Amino acid sequence: MNKNKQESKSADSLENSDSTHNQESKEKPKDSTIKHRKVESLNFKCEQFFGKNWKFVGGFIAFALLVCAYEISNISSKMESLEEIVRENNAKVVLTTSDGRAIKVTKEPLKAEYLKQFATSTFVNNFIVSRSQLTNNFEKPNFKDYGEVLDNVPNLKNILLNFIDSKANEKEGIEVNAVAVGDLRAYVQWLISAVAQDKLPEYIAIKDYSIDKYEYEGNKFNIELSIKVIAQSYILSQNSYVAQQGIFKILSEGSFDLKKSSDINPYGLRIERIKLNPIVKSGG
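Here is the structure:
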């Protein structure tokens, strides 16, 4: 009896599960149909929207493109302006003048010819000294030391201070060039002796010059100059001035160092040794 009841319950449960399955299978097609209709409805609405408002949509897109083009043009203009500023800054260097003013100077390639011209001009225009110059128009015939000579001859003082390493500087790694200082000191001593022995012409004028030798390698140079001069010498025995021509020889070695440049010495010329063969009075 119990067995028949269990079999009947199993049959009922199977029938219920079959009915449930059939019901679910019927609901699934309905769900998919509803979803499909929703998609079709959304697509239709979009097509209808763009169809009715294509002018506005097209206008908005065109406006957005114009704004993008303007912004890109503006950025390009700013980039060109920035490039111009960078180019100008790279092409120029700011220097400070002796009176404290800041000036912009255009950079140029450092050509060997510029260095040669500067070195030649420095030697030709600063070392020839006449008796009238040395004695301040014959008012100071005697000198106690080298300092008094340099005070009377600003060109030589300029050479010592700006073209020779005459002072040590630990921060900049500069050591005193004893050779160059000694060579200049020897010339000053010769001037003092020449005045005392009446060998230095009273007036000397530069007529011409020639570069006998110029060698440049790396930052080092070697130069030999012959400067043609016209001198007016007072000859005591004749009690008159006598004109004479002569050659003032300069031989020097040195270097260029832009780290040591200044307003007076823009190429950082440094004299490392120098030999001078000055002109003396006729018969002196």
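Using my numbering, you'd call the opening residue of the sequence shown number 3 and step up by one each time.
C-beta atoms are modelled at their ideal positions from N, C-alpha and C, and glycine is treated no differently.
Since the structure is predicted, the reported quantities are computational estimates derived from the model, not experimental observations.
#1: What residues match up with residue 171 in a beta bridge as DSSP calls it?
#2: Compare the beta carbon distance of residue 250 and residue 280 with 7 angstroms and say whether it is the shorter of the two.
#3: Got a sec, what are the start and stop residues for the alpha helix (DSSP H) residue 243 sits in?
#4: Identify the continuous beta strand (DSSP E) that holds residue 223 and give its terminal residues.
#5: Straight-line CA distance for residue 194 to residue 187?
#6: Below 8 angstroms, how does it come out for the region 241 to 258 and the region 271 to 280: are there three or more Cβ pairs, yes or no?
#7: Would you kindly work out how many angstroms separate the C-alpha atoms of residue 243 and residue 173, rounded to a whole number?
#8: Determine the DSSP secondary structure at residue 116, reduced to helix, strand or coil.
#9: Taking all protein chains shown into account, decide if residue 206 is buried (16 or more other Cβ within 10 angstroms of its Cβ) or exposed.
#10: Spell out the partners DSSP gives residue 212 in its beta bridges.
#11: For the alpha helix (DSSP H) containing residue 161, name the first residue and the last one.
#12: Measuring alpha carbon to alpha carbon, tell me which residue in 190, 175 and 73 is nearest residue 150.
#13: Roughly how many angstroms lie between the CA atoms of residue 209 and residue 233, to the nearest whole one?
#14: Among the residues of its own chain, which have a CB less than 7 angstroms from the CB of residue 284, if the five just before and after it don't count?
#15: Compute the Euclidean distance between the alpha carbons of residue 260 and residue 227, then round it to the nearest angstrom.
#16: Mind the definition here: the region 214 to 223 touches the region 163 to 172 only if three or more C-beta pairs lie below 8 angstroms; say whether that holds.
#17: Using only alpha-carbon positions, find the residue among 264, 143, 125 and 155 that is nearest to residue 198.
#18: Under 6 angstroms Cβ to Cβ from residue 212, same chain only, skipping five residues before and after it: list those, please.
#19: Where do the ends of the alpha helix (DSSP H) carrying residue 278 lie?
#20: Does the Cβ-Cβ distance between residue 154 and residue 138 come in under 7 angstroms?
#21: If you reduce the DSSP assignment to three classes, tell me which class residue 11 lands in.
#22: Distance check for residue 196 and residue 265, CA to CA, integer angstroms please.
#23: Going by DSSP in three states, residue 141 sits in which element: helix, strand or coil?
#24: Would a C-beta distance cut-off of 7 angstroms place residue 183 and residue 168 closer than the cut-off?
#25: Just how far apart, CA to CA, sit residue 132 and residue 268?
In short:
#1: In the sequence shown, residue 171 corresponds to position 169, counting from 1. In DSSP, residue 171 forms a bridge with 176.
#2: Locating residue 250 in the sequence shown gives position 248, counting from the first residue. Locating residue 280 in the sequence shown gives position 278, counting from the first residue. In this structure, residue 250 sits near residue 280, with a CB-CB distance shorter than 7 angstroms.
#3: Here the question's residue 243 lines up with position 241 in the sequence shown. Counted as a single uninterrupted DSSP element, the stretch harbouring residue 243 is not any alpha helix (DSSP H) but the beta strand (DSSP E) occupying residues 242 to 258.
#4: One-based indexing of the sequence shown puts residue 223 at position 221. Membership of residue 223 in the beta strand (DSSP E) is indicated by the continuous run 222 to 237.
#5: In the sequence shown, the residue the question calls residue 194 occupies position 192. In the sequence shown, the residue the question calls residue 187 occupies position 185. C-alpha separation (whole angstroms): 11 angstroms.
#6: Touching, yes.
#7: By 1-based counting over the sequence shown, the position of residue 243 is 241. By 1-based counting over the sequence shown, the position of residue 173 is 171. Roughly 53 angstroms between the two C-alpha positions.
#8: Here residue 116 is taken as the residue at index 114 of the sequence shown, counted from 1. If DSSP states are grouped into helix, strand and coil, residue 116 belongs with the helices.
#9: As a working mapping, residue 206 is identified with position 204 in the sequence shown. When all chains shown are included, residue 206 counts as buried.
#10: Within the sequence shown, the letter at position 210 stands for residue 212. DSSP, once it has assigned bridges, lists 228 as partnering residue 212.
#11: Along the sequence shown, read from residue 1 onward, the residue named residue 161 stands at position 159. Per DSSP, residue 161 belongs to the alpha helix (DSSP H) from 156 to 164.
#12: Here residue 150 refers to the residue found at position 148 when the sequence shown is read from its first residue. The candidate whose alpha carbon is nearest that of residue 150 is 190.
#13: Within the sequence shown, numbered from 1, the residue matching residue 209 stands at position 207. Within the sequence shown, numbered from 1, the residue matching residue 233 stands at position 231. About 10 angstroms.
#14: Numbered from 1 along the sequence shown, position 282 holds the residue referred to as residue 284. Taking C-beta separations shorter than 7 angstroms and ignoring five residues to either side along the sequence, the partners of residue 284 in its chain run 235, 244 and 246, following chain order.
#15: Numbered from 1 along the sequence shown, position 258 holds the residue referred to as residue 260. Numbered from 1 along the sequence shown, position 225 holds the residue referred to as residue 227. Whole-angstrom Cα-Cα distance: 24 angstroms.
#16: Too few Cβ pairs lie closer than 8 angstroms, so no.
#17: Reading the sequence shown from its first residue, position 196 is the one you call residue 198. Of the candidates 264, 143, 125 and 155, 143 places its Cα closest to the Cα of residue 198.
#18: On the sequence shown, residue 212 is found 210 positions in, with the first residue counted as 1. Counting only residues of its own chain and dropping the five nearest sequence neighbours on each side, residue 212 has a CB closer than 6 angstroms to the CB of 228.
#19: The sequence position of residue 278 within the sequence shown is 276, counting from 1. For residue 278, there is no enclosing alpha helix (DSSP H); the residue is found in the beta strand (DSSP E) stretching over 271 to 279.
#20: For this step, residue 154 is matched to residue 152 along the sequence shown. For this step, residue 138 is matched to residue 136 along the sequence shown. Between residue 154 and residue 138, the CB-CB gap stays under 7 angstroms.
#21: Taking the first residue of the sequence shown as 1, we reach residue 11 at position 9. Unreliable placement is indicated for residue 11, whose pLDDT of 46 sits below 50; the coordinate value is still reported in the next sentence. Three-state result, residue 11: helix.
#22: Looking up residue 265 in the sequence shown gives position 263. Looking up residue 196 in the sequence shown gives position 194. Their Cα atoms are separated by approximately 33 angstroms.
#23: In the sequence shown, counting from the first residue as 1, residue 141 sits at position 139. Assigned with DSSP and collapsed to three states, residue 141 falls in coil, not helix or strand.
#24: Stepping through the sequence shown from its first residue, residue 183 is reached at position 181. Stepping through the sequence shown from its first residue, residue 168 is reached at position 166. The criterion of a C-beta distance shorter than 7 angstroms is satisfied by residue 183 and residue 168.
#25: Position 130 of the sequence shown, counted from the start, is the residue given in the question as residue 132. Position 266 of the sequence shown, counted from the start, is the residue given in the question as residue 268. About 28 angstroms.
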